[in-house]
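S.K.: What follows is a single structure, and I will ask about it in a moment.
Number of protein chains: 2
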Amino acid sequence: MADVNVSTASTRLPGPESDRSGAGGPVFDLIELLFFAYRDFIGDADELLAGIGFGRAHHRVLHFVNRHPGMRVADLLEILKITKQSLGRVLRELVEDGYVVQKAGPADRRQRLLYLTSKGEALARDLAALQTRRFVRALAECGPGARAAARRFLVAMIDPQAREGVERLIARADHAGRNRTR
Amino acid sequence: MADVNVSTASTRLPGPESDRSGAGGPVFDLIELLFFAYRDFIGDADELLAGIGFGRAHHRVLHFVNRHPGMRVADLLEILKITKQSLGRVLRELVEDGYVVQKAGPADRRQRLLYLTSKGEALARDLAALQTRRFVRALAECGPGARAAARRFLVAMIDPQAREGVERLIARADHAGRNRTR
DNA sequence: CGTTTACGTCAGCCATATTGACATATTAGG
DNA sequence: CCTAATATGTCAATATGGCTGACGTAAACG
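The listed protein sequences derive, respectively, from chains A and B. Numbering-wise (this note's numbering), the first sequence opens with residue 645 and increments by one. Numbering-wise (this note's numbering), the second sequence opens with residue 645 and increments by one.
Dropping the structure here:
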C-alpha cells in the first residue's frame with residue numbers, strides 16, 4: 645500500500661463470512677493504521693510543497709541538506725538511493741529557485757557541497773515544524789513515556805541491517821546540528 | 645520525504661554549527677525514523693510485487709478488495725482517493741492476470757462488484773504476511789503492551805477528522821472478515 | 001421516457017523514477 | 001607528466017502512476 649484516504653467514505657461495504665482476528669492472524673489494523681498515519685504525516689508537507697510547485701523529491705533533498713549542511717552530491721545519492729539523473733532535475737530546480745547553493749569543496753574542487761540558503765532553511769524549518777506538530781500532538785495524546793516508546797517502536801520496524809546506518813545518520817546530524825535549525 | 649535508504653552509507657558528512665535538540669525543537673529523529681520505518685515496511689511488499697510486474701497501486705487494490713470482498717468500484721475510488729481513470733489501468737491488469745474478478749451486482753446490475761480470485765487471495769495473503777511479520781517482530785522487541793501502544797500511537801498520528809472513518813473501515817472489515825483470510 | 005447513476009475508455013499531460021551513454025573537471029598514482 | 005579514476009553533470013529514451021476533460025453505454029429511477 646502507499647497512499648489512501650477514506651475520510652467521509654460514504655461506502656457501505658458488504659459484510660460476509662467469519663473468523664480471523666485470532667491470536668496469530670494478520671495484523672490488518674496495524675497495517676492500515678500505519679498506512680493512513682504515514683499518508684497524513686507526509687500530507688502536511690505535500691500541501692505546503694504543492695503551493696510552490698515542489699514535490700516530495702524536493703522535500704527529501706531539503707530535509708537532508710538541512711540536516712547535513714555541506715554534504716556531497718554523492719552522499720545525498722547514497723542516502724536517497726536514487727540515480728544522479730533523478731536527483732539532477734530536482735537539485736537544479738532547488739538551485740534555480742534559490743533554496744540550495746552548491747560550493748566547490750575546499751580540499752577537492754570536484755565536489756559540489758550542498759547548502760541551504762536562508763530561504764531554503766526557512767522552508768525546511770516550516771516543513772519540519774508541520775511534521776513535528778503532528779508528532780507532538782500524537783505523543784501528548786498517548787501520555788508520558790510515549791516519545792521513547794514511539795522511538796523504540798519505529799526503530800524496531802526498520803530492517804535490522806539498516807538500523808545502525810540510520811541511527812548513525814541521525815546521531816551525526818544531531819551532533820553536528822548544535823548551531824543549526826536556528 | 646518519501647523513500648530513502650542509507651544502508652552502508654559510506655558517507656562521511658561534515659559537522660559544523662551548534663544548538664537544537666532542546667526541549668521544544670523539531671523531532672528530527674522521529675521524522676526520520678518514521679520515514680525509514682515506512683520505507684522498509686512497504687519495501688517488503690514492493691519486492692514481492694516487482695517480481696510479478698506489479699506496483700504499489702496493485703497492492704492497494706488487492707489489499708482493500710481482500711478486506712472488503714464484493715466492494716463496488718466507487719467504494720474503492722473513495723478509499724483510494726484516485727480517479728477512475730487511474731484505477732482503470734491497474735484494475736484491468738489485475739483482472740487480465742486473474743487476480744481480481746468483477747461480478748454484476750445482484751440488485752443493481754450496473755455495479756461491478758470486486759472479488760479476489762483464489763490466486764488474488766494467495767497474493768494478498770502473502771503480502772499481508774510479510775508486513776505482519778515485520779510488525780510482530782518489532783512488537784516482540786518492544787515488550788508486552790507494545791501492540792496496544794503502537795495502535796494508540798498510530799491512531800493518534802492520523803488526522804483527527806479522518807480517524808473515525810479509518811476506524812470504521814477497519815472495524816467493518818474485521819467484523820465482516822470472520823470467514824475470510826482463509 | 002427522460003434523467004441520473006455506475007462504470008469504462010480515449011487522449012493527453014505531469015512528476016518522478018529508471019538505464020545507458022557521454023562530457024568535463026579535477027585529483028591521484030605510477 | 002601523463003594516465004586513470006573520481007565527482008559531477010547532462011542527453012535521450014522509457015516506465016509508473018497520478019491527473020483532467022470528454023464521451024459512451026447500460027441500467028436504475030422517477
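Even for Gly, the Cβ is constructed at its ideal location relative to N, Cα and C. Owing to the predicted nature of the structure, the values given are computational and were not obtained by experimental measurement.
What is the DSSP secondary structure of Arg704(A), counted as helix, strand or coil?
M.R.: Mapped onto the first sequence, residue 704(A) falls at position 60. Helix at Arg704(A).
S.K.: Could you check whether Leu677(B) and Arg816(A) sit closer than 9 Å to each other, using their CB atoms as the reference points?
M.R.: Numbered from 1 along the first sequence, position 172 holds the residue referred to as residue 816(A). Numbered from 1 along the second sequence, position 33 holds the residue referred to as residue 677(B). Their beta carbons are not under 9 Å apart, which means Arg816(A) does not touch Leu677(B) by this criterion.
S.K.: Considering only the alpha carbon of each residue, which of Phe679(A), Val671(A) and Gly669(A) lies closest to Ala800(B)?
M.R.: Residue numbering aside, residue 800(B) sits at position 156 when the second sequence is read from its first letter. Nearest C-alpha to Ala800(B): Phe679(A).
S.K.: Could you tell me which chain A residues have their CB closer than 7 Å to the CB of Gln775(B), listed as they occur along the chain?
M.R.: As a working note, residue 775(B) is residue 131 in the second sequence. Those within 7 Å of Gln775(B) in chain A are Ile675.
S.K.: State yes or no: is the beta carbon of Asp818(A) nearer than 9 Å to at least one beta carbon in chain B?
M.R.: Residue numbering aside, residue 818(A) sits at position 174 when the first sequence is read from its first letter. Taking Cβ atoms only, chain B reaches closer than 9 Å to Asp818(A), which makes this a yes.
S.K.: Express the C-alpha separation of Val745(B) and Ala739(B) in angstroms, rounding to a whole number.
M.R.: Here residue 739(B) refers to the residue found at position 95 of the second sequence. Here residue 745(B) refers to the residue found at position 101 of the second sequence. Reading off the sequence, residue 739(B) comes out as Val, not Ala. Spanning the two alpha carbons is a distance of roughly 6 Å.
S.K.: If the cut is a Cβ gap below 9 Å, which residues of chain B does Val709(A) touch?
M.R.: Position 65 of the first sequence holds residue 709(A). Correct list: empty, because the minimum Cβ distance to chain B is about 10 Å.
S.K.: Whole angstroms is fine: what's the gap from Arg824(B)'s alpha carbon to Gly695(A)'s?
M.R.: Locating residue 824(B) in the second sequence gives position 180, counting from the first residue. Locating residue 695(A) in the first sequence gives position 51, counting from the first residue. For Arg824(B), the predicted model reports a pLDDT of 47, less than 50, meaning its position is unreliable; a value from the coordinates is still stated below. When rounded, the distance between both Cα atoms is 43 Å.
S.K.: Which first and last residues belong to the alpha helix (DSSP H) in which Arg716(B) is found?
M.R.: On the second sequence, residue 716(B) is found 72 positions in, with the first residue counted as 1. Unbroken run through Arg716(B): none, as it is neither H nor E.
S.K.: Select from the stretch 674 to 701 of chain B all residues with a C-beta closer than 7 Å to any C-beta belonging to chain A, and list them in chain order.
M.R.: Listed by position along the chain: Leu674, Ile675, Glu676, Leu677, Leu678, Phe680, Ala681, Tyr682, Asp684, Phe685, Ile686 and Arg700.
S.K.: Using a Cβ-Cβ distance under 9 Å, would Pro798(A) count as near chain B?
M.R.: Translated into the one-based positions of the first sequence, residue 798(A) becomes position 154. For clarity, residue 798(A) is Leu in the given sequence; the question names Pro instead. Judged by the 9 Å Cβ criterion, Leu798(A) is in contact with chain B.
S.K.: Classify Arg807(A) as helix, strand or coil using the three-state DSSP reduction.
M.R.: By 1-based counting over the first sequence, the position of residue 807(A) is 163. If DSSP states are grouped into helix, strand and coil, Arg807(A) belongs with the helices.
S.K.: Closer than 8 Å is the cut-off here; do at least three beta carbon pairs connect the stretch 723 to 741 of chain B with the stretch 775 to 785 of chain B?
M.R.: Contact fails: fewer than three Cβ-Cβ distances are below 8 Å.
S.K.: Would you report the Cα separation of Val671(A) and Gln775(B), rounded to the nearest angstrom?
M.R.: Here residue 671(A) is taken as the residue at index 27 of the first sequence, counted from 1. Here residue 775(B) is taken as the residue at index 131 of the second sequence, counted from 1. So the two alpha carbons sit approximately 8 Å from each other.
S.K.: Mapping DSSP to helix, strand and coil, what is Lys728(B)?
M.R.: In the second sequence, residue 728(B) corresponds to position 84, counting from 1. In this structure, Lys728(B) counts as helix in the three-state DSSP scheme.
S.K.: So, at 6 Å on beta carbons, what are the nonlocal neighbours of Pro713(A) in its own chain, with the 5 sequence-adjacent residues on each side left out?
M.R.: The count along the first sequence starts at 1 and reaches residue 713(A) at position 69. Tyr759, listed in sequence order.
S.K.: Is there a C-beta anywhere in chain B that falls below 9 Å from the one on Leu767(A)?
M.R.: If you number the first sequence from 1, residue 767(A) lands on position 123. Not one chain B Cβ lies under 9 Å of Leu767(A).
S.K.: Keeping to the same chain, check which residues put their C-beta closer than 8 Å to that of Ile723(B); ignore five residues upstream and five downstream.
M.R.: On the second sequence, residue 723(B) is found 79 positions in, with the first residue counted as 1. Result list for Ile723(B): Phe708 and Leu813, in chain order.
S.K.: Distance cutoff 9 Å, beta carbons only. Does Thr825(A) sit that close to anything in chain B?
M.R.: Position 181 of the first sequence, counting from 1, holds the residue named residue 825(A). At Thr825(A) the pLDDT is 44, less than 50, meaning the model places this residue with poor confidence; the figure from the coordinates comes in the next sentence. By this cut-off, Thr825(A) is an interface position.
S.K.: Using Cβ-Cβ distances below 7 Å, what residues of the stretch 733 to 753 of chain B are close to chain A?
M.R.: Going along the stretch 733 to 753 of chain B in chain order, one finds no residue with a Cβ nearer than 7 Å to chain A.
S.K.: Check each candidate in Arg733(B), Leu771(B) and Gly699(B) and name the one with the smallest Cα separation from Asn710(B).
M.R.: Here residue 710(B) is taken as the residue at index 66 of the second sequence, counted from 1. The shortest Cα separation from Asn710(B) among Arg733(B), Leu771(B) and Gly699(B) belongs to Leu771(B).
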